Amino acid sequence: MNGKTQALLLKILFLLFAFNTLTLCIYFTAHYKTSSSSSSHRKPTSENRFPFPENRRSSKPWPILPSYLPWSHSSTVPLRSCEAYFGNGFNRRVDLLKPNLAGKLAGWFRCWYSETLASSICEGARVRMWPERISMSRGGERIEEVIGRKEETELPKFRDGAFELDGGDTVAGKERVLADEKFLNGFVPAGEIQSHTMRALFGSFRVVSGNDFDCQEWIEEPVLLVTRFEYANLFHTITDWYSAYVSSRVVGLPNRPHLVFVDGHCKTPLEETWKALFSSLKYAKNFSAPVCFRHVIFSPLGYETALFKGLTEGINCHGGSSHELWLKPDVQKTARLSEFGEMVRAAFGFPVDRQVERPPSIHNVLFVRREDYLAHPRHGGRVESRLTNEQEIFDSLQNWASNHRECKVNLVNGLFAHMSMKEQLRAIQDASVIIGAHGAGLTHIISALPKTVILEIISSLFRRPHFALIAQWKGLEYHAINLSGSHADPNVVIEHLLRIMTSLGC
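First residue of the sequence shown? That's 92 in my numbering, and the numbers climb one at a time after it.
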């Protein structure tokens with residue numbers, strides 16, 4: 092190697108080092124600014140007067156996510172842009188009770204409204220919850236204990252004063268309503284949701300005198316209140332996870348909040364992920380007496396996320412690199428689903444700060460199966476078939492993989508109903524190709540790595556865009572086999588897979 096070549100290589104290495112250093116500086120500066128600005132929610136300033144003693148802190152820190160971009164309340168986020176659809180457009184602030192600037196102890200309450208999502212993330216200080224004024228089942232039971240229980244008994248019904256806000260000396264005598272009908276119509280519209288529990292919750296809120304605001308139990312750290320509907324279905328649960336994650340980021344929490352479920356649903360295996368994502372979990376009915384929160388955040392319903400709205404609104408967004416979007420924002424690109432997928436993986440201890448390397452001559456093909464399982468108290472234990480000859484397809488693929496000579500193909504049997512969440516995520520992370528009939532298990536592609544290829548087998552009775560959209564919003568390569576019924580030709584599936592493997596150099 093001559094001197095000129097060596098000098099050129101040294102220059103290239105120096106430029107790459109400088110570029111990576113600059114990128115890291117931008118990333119950590121963004122994290123620092125977000126955490127610094129959001130920590131005002133926790134400092135005893137004139138606006139937020141509630142201490143968080145260090146010796147009582149038990150919340151989990153946020154992991155460092157490669158796809159993270161700062162969250163803001165900037166009014167410059169364009170209406171119906173990808174950033175707005177995926178949660179960075181909660182930029183219209185309304186104060187229902189402003190902080191007491193005179194220095195007297197009192198609560199405050201405000202909401203952040205997204206015109207794009209027609210939804211609000213609300214937060215307050217010095218809020219009291221009365222469990223006895225919320226009518227619903229206790230929640231958190233084993234499913235075998237509550238077989239046959241009706242859904243309406245599991246969803247909350249709020250009496251007046253179920254939630255109260257410390258109004259300090261601004262309330263003289265009789266309590267007053269916090270949110271009137273005009274506010275609810277403008278900032279918590281019911282839309283197509285027949286039973287909008289968050290709207291009903293805000294309607295129950297009362298502002299009371301500081302003289303009447305006593306509590307035996309205080310929760311010092313930020314708490315996120317969540318109401319779940321279809322809590323046993325992975326797709327709908329992921330919409331709730333995403334909504335809870337966005338709410339935590341929008342209000343700028345420096346650590347992951349604690350959770351309180353304001354519903355009476357029984358336990359499901361999906362609670363494992365709620366506990367991994369956030370700091371702790373309780374049900375509202377776990378409290379036997381009134382409980383007070385120093386800082387509480389109310390998460391919108393999962394129906395109000397882009398993941399659900401995209402099924403009817405046609406959200407034309409594509410996955411993009413967070414680094415590219417930081418340097419050059421694009422209203423038709425998003426890195427938010429990649430950020431959230433990294434959050435899910437990081438919550439279970441998988442590394443996200445470096446790219447997982449797959450050997451070029453070995454590929455895992457994950458076949459996501461649909462299995463019978465007891466989903467909820469009103470479920471018979473049998474799932475509806477979307478692919479009537481699923482076992483035949485799996486056996487054919489297994490035979491094809493064992494005889495494939497160009498490279499080694501491992502066909503992974505994705506029996507998710509019998510796997511822990513960590514095992515499911517490991518299978519998703521290790522897969523070069525993910526195949527499956529249309530079903531909630533495919534929602535896991537949110538956590539797939541960037542170069543993963545998706546092949547969905549779609550029955551004529553279930554032609555819905557759930558997973559094509561998620562793949563598009565993640566920037567994943569997506570293919571579909573549309574059936575005339577619910578029976579697939581094994582040879583057709585193998586032909587599609589063979590083309591995909593060839594594109595992967597196999």
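Glycine included, C-beta positions come from ideal geometry on N, C-alpha and C. Please read all numbers here as calculations on a predicted model, not as lab measurements.
In terms of residue numbering, what span does the beta strand (DSSP E) encompassing residue i cover?
i, result
"V314", "314-317"
"I406", "Neither: I406 is in no beta strand (DSSP E) and is coded neither H nor E."
"V430", "Reading the sequence as shown, one finds Glu at residue 430 and not Val. Counting along the chain, E430 falls outside any beta strand (DSSP E), though it belongs to the alpha helix (DSSP H) covering 427-438."
"R385", "382-389"
"K373", "372-374"
"E547", "544-549"
"E586", "Premise fails: E586 lies in the alpha helix (DSSP H), 581-594, not in any beta strand (DSSP E)."
"G335", "In the sequence as displayed, the identity of residue 335 is Ala instead of Gly. Run containing A335: none in the beta strand (DSSP E); it sits in the alpha helix (DSSP H), 325-341."
"W153", "It is not in any beta strand (DSSP E) - W153 carries neither H nor E in the DSSP assignment."
"E308", "308-310"
"H414", "Not the beta strand (DSSP E): H414 falls in the alpha helix (DSSP H), residues 413-418."
"E568", "568-573"
Check this for me: beta carbons of residue i and residue j, under 9 Å apart or not?
i, j, result
"L392", "T328", "no"
"M227", "K376", "yes"
"F181", "L269", "no"
"D331", "R297", "no"
"E547", "G527", "yes"
"I537", "L428", "yes"
"R445", "G505", "no"
"L292", "F431", "no"
"W153", "G178", "no"
"G258", "G301", "yes"
"S150", "R347", "yes"
"F254", "W221", "yes"
"I284", "Y394", "yes"
"E514", "T543", "no"
"A175", "S211", "no"
"P451", "G596", "yes"
"V314", "H386", "yes"
"V353", "T396", "no"
"E483", "P360", "no"
"E604", "L156", "No information on residue 604 is available, as it lies outside the stretch 92 to 597 that the chain covers here."
Starting from residue i and walking both ways along the alpha helix (DSSP H), at which residues does that stretch end?
i, result
"F278", "272-278"
"H349", "That residue, H349, is in no alpha helix (DSSP H); its beta strand (DSSP E) goes 349-352."
"E363", "362-368"
"A562", "557-565"
"H356", "Where H356 is concerned, there is no enclosing alpha helix (DSSP H), given that its DSSP letter is neither H nor E."
"A291", "288-295"
Since residue i contacts residue j with CB under 8 Å, what's their CB separation in whole angstroms?
i, j, result
"E308", "A380", "7 Å"
"V185", "C173", "With 8 Å as the limit, V185 and C173 do not qualify as a contact, their Cβ atoms being about 25 Å apart."
"C306", "R219", "6 Å"
"P169", "V422", "5 Å"
"L533", "F507", "With 8 Å as the limit, L533 and F507 do not qualify as a contact, their Cβ atoms being about 10 Å apart."
"R240", "P468", "4 Å"
Considering only residues of the same chain and omitting the five flanking positions on each side of residue i, which have a CB-CB separation below 7 Å?
i, result
"N455", "N501, V503, D521, A522, S523"
"F553", "R477, H529"
"R140", "Any reading at R140 must be qualified, since the residue scores a pLDDT of 31, below 50, and its modelled position is unreliable; the value itself is stated next. If we look at R140 and ignore the five residues flanking it on each side, its Cβ neighbours are L196."
"A209", "P280, G282"
"F441", "L516, Q520"
"S412", "A426"
"Y118", "With a pLDDT of 41 at Y118, under the threshold of 50, the predicted position of this residue should be treated as unreliable, though the coordinate-derived value follows. Correct list: empty, nothing qualifies."
"S594", "none"
"A518", "L457, V503, G505"
"H356", "G230, E245, R319, Y322"
"F399", "T330, G393"
Leaving out five residues on either side along the sequence, give the residues of the same chain with a beta carbon under 8 Å from the beta carbon of residue i.
i, result
"I572", "L546, E547, I548, I549, A579, V583, V584, H587"
"S577", "S476, R477, L478, T479, S550, S551, L552"
"S358", "Per the sequence shown, the amino acid found at residue 358 is Lys instead of Ser. Closer than 8 Å at Cβ, skipping near neighbours: G231, E232, R233, I234."
"A539", "G432, I519, Q520, A522, I525, I545, K565, L567"
For residue i, I'd like the list of residues in its chain whose CB is within less than 6 Å of its CB, leaving aside the five on either flank, ordered along the chain.
i, result
"A531", "N324, L325, F326"
"T112", "With a pLDDT of only 48 at T112, under the threshold of 50, the placement of this residue in the model should not be trusted; the figure read from the coordinates follows. Excluding positions up to five away in sequence, the list is empty."
"F304", "D257"
"C383", "R219, C306, W309"
"E363", "M512"
Handout entry: Ordered list of alpha helix (DSSP H) runs contained in the segment 459-527, each at least 4 residues
Key = For the segment 459-527, whole alpha helix (DSSP H) runs of length 4 or above, ordered along the chain, are 481-493, 512-521.
Problem - Length at least 3, wholly inside the segment 185-257: the beta strand (DSSP E) runs in chain order - result: You should have 199-205, 210-220, 254-257.
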